[in-house]
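Those protein sequence lines, which keep their order, are chains R, D and H.
Just so you know, the first sequence maps onto residues 1355 to 1449 in the working numbering.
Just so you know, the second sequence maps onto residues 6 to 498 in the working numbering.
Just so you know, the third sequence maps onto residues 6 to 488 in the working numbering.
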Amino acid sequence: MPLDKATVAHIAKLARIEIGDADLEALTGELSGILKWIEQLSEVDTEGVEPMTSAVQMTLRRRADKVTDGNCRDKVLANVPVDADGFFAVPKVVE
Amino acid sequence: MSDLTGLSVSGAREGLAKGDFTSLELTEAHIAAIDAADGLNAFVSKTPDLARERAALSDKRRASGEAGLMEGIPIGVKDLFCTEGVLTTAGSHILDGFEPPYDSTVTANLWREGAVMLGKTNMDEFAMGSSNETSYYGPVLNPWRRPGDNRSLVPGGSSGGSAAAVAARIVPAAIGTDTGGSIRQPAAFTGTVGLKPTYGRCSRWGIVAFASSLDQAGPMARSVRDCAILLRAMAGFDAKDSTSVDTPVPDYEAALTGEVTGLKIGIPAEYKVDGMPGEVERLWQQGVDWLRGAGAEIVDISLPHTRYALPTYYIVAPAEASSNLARYDGVRYGLRVPGERLDDMYEKTRAAGFGAEVKRRVLMGTYVLSAGYYDAYYLKAQKVRTLIKRDFIEAFEKVDAILTPTTPTPAFAVGERVDDPIAMYLNDILTVPANMAGLPGISVPAGLSDDGLPLGLQVLGKAFDEETVLRVGHVLEGAAAFDARPDPWWRAD
Amino acid sequence: MATIQGATGEWEMVIGLEVHAQVTSEAKLFSGAATAFGAEPNTQVSLVDAAMPGMLPVINEQAVAQAVRTGLGLKAKINLTSVFDRKNYFYPDLPQGYQISQFTQPIVGKGVVTLDMPGGERREIGITRLHLEQDAGKSLHDQHPTQTYVDLNRSGIALMEIVSDPDIRSPEEAGVYLRKLRAILRYLGTCDGNMDEGSMRADVNVSMRRPGEDYGTRCEIKNVNSVRFVQQAIEYEAQRQVDILEDGGTIVQETRLFDSNKGTTRTMRTKEDSHDYRYFPDPDLLPLTLTQDYVDEIAKSLPELPDEKKARFVSEFSLPEDDAGVLVAERERAEYFEAVAQGRNAKLAANWVVRDLVGALNKAGRGISETPVSAEALGGLLDLLSDDTISGRIAKDVFEEMFATGKVAAEIVEEKGLKQVTDTGAIESVIDEVLDENTGKVAEYKDGKEKLFGFFVGQVMKKSGGKANPKIVNEILRGKLGD
């Protein structure tokens, strides 16, 4: 199914990537092409097949409930683009 | 150029042990070689001072009788591995200025074993690419050119900087990551050896994530033995990675017996893909003959879902990437483009921070996970993935390893495929299936194409049986006796 | 069932609650950072919580155990295999750009919470599911004129989202449900239930329908943080919807915010711009698998829960249902009662705890853990009452004094000389005095006005300062009056 520009604009919004009108056209074409190529998967009979989510066959390991981390505000904030008195800062959000 | 730069990891290990030279001398030689090879653009950042400091410390350790598995040996590190206090960019503008306050588990393991970092190697942005042309820091050039032809070729990707650096002998070895072929394909394009271990063998902690269910770190070097040495130092259980498998790390060098007698080697019919050049097919047959000649038993096998691995990959990897890359939002690190409102800031930052290929994949991944399409794409892909894995499980009931070409073609020219994403994706058609199934694979240089470029053969093995993969690769390496070298056109000295 | 009478007929409320309960644990769900409340901003944040590149989640075993324990307490099905999914959306308090949650395969399936409504009606509210998920950080909008500040201390703390079926029919039921759920969580020790500190928050789904008909379109009111606010939000929202429906309008499915200052709700986002969360299994984690043995071990360690405790109090101590209900509403209160009742008359103990102690605590705005009268002390008071050292009336005064001063009963009785008079001679002389002073009334009594007997008793008790043993007073008085 080919994508239209509105759909690409919508997913760009979901992905929070600004796409200029000029790029939207080309991107729509590229993504449609890739999608068409991907759709060969519909040939595969997957009736009754379990989806695979991990390459390793094991049960999820659980760690002990101990405080072993945190208390490292300097590290956490070391790379912030905007300093804000020990906080992270973003343009004001109005709820 | 000092002859120290031509040394293999095992050769350097021997020389250091005998006291023929110090780690500092070895490191200085490579620092100079790297500086003289800027034309390759193999590094995003060079760390000569840090290298000297660590080399000196290594020499001290050795003097006091301590020596790790990689003691004093300098290496290149793909810029996808977080390195404490050293700029880590993943080849992306969006990680501008990011200096992690931590080292990845794999790099920490290597430092613990005495390795010395020469710098961070260039790569496709967020490891998305097969030609190293998507890096924000510009393309890496393949040290190899077609004889008599000055056009630049790609080194493959995404670990193209590591591969080029190894091939150009400006580092003895390097580390990379392989999500769909990102170690093996560039190794094949540059006449070097690259090993992707079993998923779960090397910790993913501290490696900038691309596709979490596929990413795996591995060594790149100029010999199978060197890869064996590096892997032992890199690998191991890590409680910080829930997908790390708690299983002993063997002495991989001990597996290099030169002996394959009685081993069953599978030849999958489906890897003879449409349009595969005769030279690749001939090399594959040559590989079969070499192994048979060495006493292995050749078995025809079928991996029926091979052709679906690549489209499956292009659903699963972008889907995971779209989510993994959501954290690059301009809030806590890296690039931030100001915006009046929150969403402006997000959208402008991510538009400026991500390159075209990353955007394509993030959007594709967002789409295949979005409401109404999840079942048709993502869920379908995960089911096909089960079938791909099942193919391998059945095949490995009959054989001990599988032999295939690594890539359908040798290296191509810079710019040749940038505008055709699918043609670019097809590079990975022979490497992707192992990632889908989580299996180990190695690419070994086995010969030259008709126009004088390296070609690789790939050996795939059972999960956590890197030893057999290395053993077979080692025998192929010996039989191929690949000793061609690129003409050092890039050398600035 | 609460109905709203409109001009066109009756409307019935249909309410479902999604309660987010913070799991009691030392460390976060997927990182080793601390969970304690009230730390300096961004100090309880690990590199994992801040979503630094390459960081990976590893699950906390205690969070898993607490979810299972809670599931068992809700009489729910424990799913031996559950899966963690990523819920993708952008927000500054969500550093990963996704929340790790459980979508299609939660750790706990269907369960039930039983409500005892005032008036004796019993209601069963179905539990749809319980799943584990990460909490978000905190956005502060009032620290800077043009910026929102973000503190990630809460980011990654383990939450249990407990989803009820749409079985709740009134604000009152919603309140009883929330209090009951909180009591269960506190009994289990899986959540402290402290709504002030945000340990428990509720999303409230409200729709209206004609009684017996299909469900109407619902609105979800997000993040309401007290029982009273939940009830207010429902009241307001139900009336708002009825007004629209009565005017022939239709309800637009949307997410709304509760304004606690005005007691109203307002649109936050409509369905059209609702999030597309793109859930998919988190590839950094594997399916969580539990063994039945593991679940059975936790089941064995479960404390007696409010319903069972109440049933036992009723059957073992013959307490009235209502009193038993009051006693089990809090685990500490029930334990207090049992300590007082130990070796004493349980009904008497229940009466004192329910009426006197709880009454005094409520009046003082204190919880049972802050009681100035320990279980031992109250027991001591009851002992003095039971062995006739003091009378019932005096006991009330002594209790007040105990509550005010924290002294033990014996001490107060001793100090103030409140011991009951059982000396028949002494009582007889008081009676004689009373009868002498009231000859007229004595005559009336003898003429048949028998209800004056109580008057004489009262006068005697008054004269004795309440200390005369009422039984002896009665006996002697009857003799004197010639019965």
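Glycine included, every Cβ here is placed at the ideal spot set by N, Cα and C.
Please read all numbers here as calculations on a predicted model, not as lab measurements.
When CB distances to chain D are screened at a threshold of 8 Å, the residues of the stretch 49-82 of chain H falling below it are Leu52, Ala55, Ala56, Met57, Pro58, Gly59, Met60, Leu61, Pro62, Val63, Ile64, in chain order. By the neighbour-count criterion, in which a residue is buried when 16 or more other Cβ atoms sit within 10 angstroms of its Cβ, H/Asn199 is exposed. H/Gly217 and D/Gln387 have their C-alpha atoms spaced approximately 43 Å apart.
Note that the C-beta distance between D/Ala322 and D/Gly185 is below 8 Å. The distance from the Cβ of D/Leu268 to that of D/Ala406 is about 7 Å, consistent with a contact at the 8 Å cut-off.
Judged by their CB atoms, H/Asn230 and H/Arg261 are not nearer to each other than the 8 Å cut-off. Taking CB atoms only, R/Ala1360 has no neighbour in chain H less than 8 Å away. Counted as a single uninterrupted DSSP element, the alpha helix (DSSP H) harbouring D/Phe397 occupies residues 385-400.
Looking only at H/Tyr341, H/Glu340, H/Glu337, H/Pro311, the smallest Cα-Cα distance to H/Asp327 is reached by H/Pro311. If you draw a 10 Å sphere on the C-beta of R/Val1448, you find fewer than 16 other C-beta atoms in it, and that means exposed. Residues of chain D with a Cβ closer than 8 Å to the Cβ of H/Arg159 do not exist, since the nearest Cβ in that chain sits about 16 Å away.
For R/Pro1445, the neighbours in chain H by C-beta distance under 8 Å run, in chain order, Thr151, Gln152, Thr153. Looking only at D/Lys277, D/Thr139, D/Phe242, D/Phe401, the smallest Cα-Cα distance to D/Val304 is reached by D/Phe401. DSSP places H/Asp298 in the helix class (H, G or I) of the three-state scheme.
Taking CB atoms only, D/Ile212 has a neighbour in chain H less than 8 Å away. If you check the CB distance, R/Ile1392 and D/Glu352 do not come in under 8 Å. Pairwise C-beta distances place the stretch 98-110 of chain H out of contact with the stretch 301-321 of chain H, as fewer than three of them are shorter than 8 Å.
Judged by their CB atoms, H/Leu34 and H/Ile64 are nearer to each other than the 8 Å cut-off. Going by beta carbons, H/Glu17 and H/Arg174 fall inside the 8 Å limit. Neighbours of D/Asp220 in chain R, taken as residues whose beta carbon is under 9 Å from its own, are absent, since the nearest beta carbon is some 10 Å off. Contacts with chain R at 8 Å (Cβ-Cβ) do not include H/Gly194. Contact annotation: D/Ala179 and D/Lys83 have beta-carbon atoms nearer than 8 Å. By the neighbour-count criterion, in which 16 or more other beta carbons inside 10 Å mark a residue as buried, H/Asn47 falls on the buried side.
In the DSSP assignment, D/Lys83 falls outside any alpha helix (DSSP H) and lies within the beta strand (DSSP E) extending over 79-83. DSSP links H/Ile83 through a beta bridge to H/Val113. H/Glu340 has a beta carbon lying at 8 Å or more from every beta carbon in chain R. DSSP places D/Lys201 within a strand segment (E or B) once states are collapsed to three. Sequence-ordered contacts of the stretch 1411-1436 of chain R with chain D read Gln1411, Met1412, Leu1414, Arg1415, Arg1417, Cys1426, Asp1428, Lys1429, Val1430, Leu1431, Ala1432, Asn1433, Val1434, Pro1435, Val1436 [C-beta pairs closer than 9 Å].
Rounded to the nearest angstrom, the gap between the Cα atoms of D/Ala451 and D/Ser228 is 12 Å. Beta bridge pairing from DSSP links H/His25 with H/Glu166, H/Arg206. With contacts defined as CB atoms closer than 8 Å, D/Ile270 and D/Leu408 qualify as a contacting pair.
DSSP places D/Cys232 inside the alpha helix (DSSP H), whose first and last residues are 229-239.
Per the C-alpha coordinates, the member of H/Val181, H/Leu135, H/Gln246 positioned closest to H/Cys224 is H/Gln246. DSSP places D/Pro273 in the uninterrupted beta strand (DSSP E) bounded by 269-273. When C-beta distances to chain H are compared with 7 Å, the residues of the stretch 312-325 of chain D below that value are Ala324, Glu325, in chain order.
D/Ala442 is a Cβ neighbour of R/Ala1409, given a cutoff of 8 Å.
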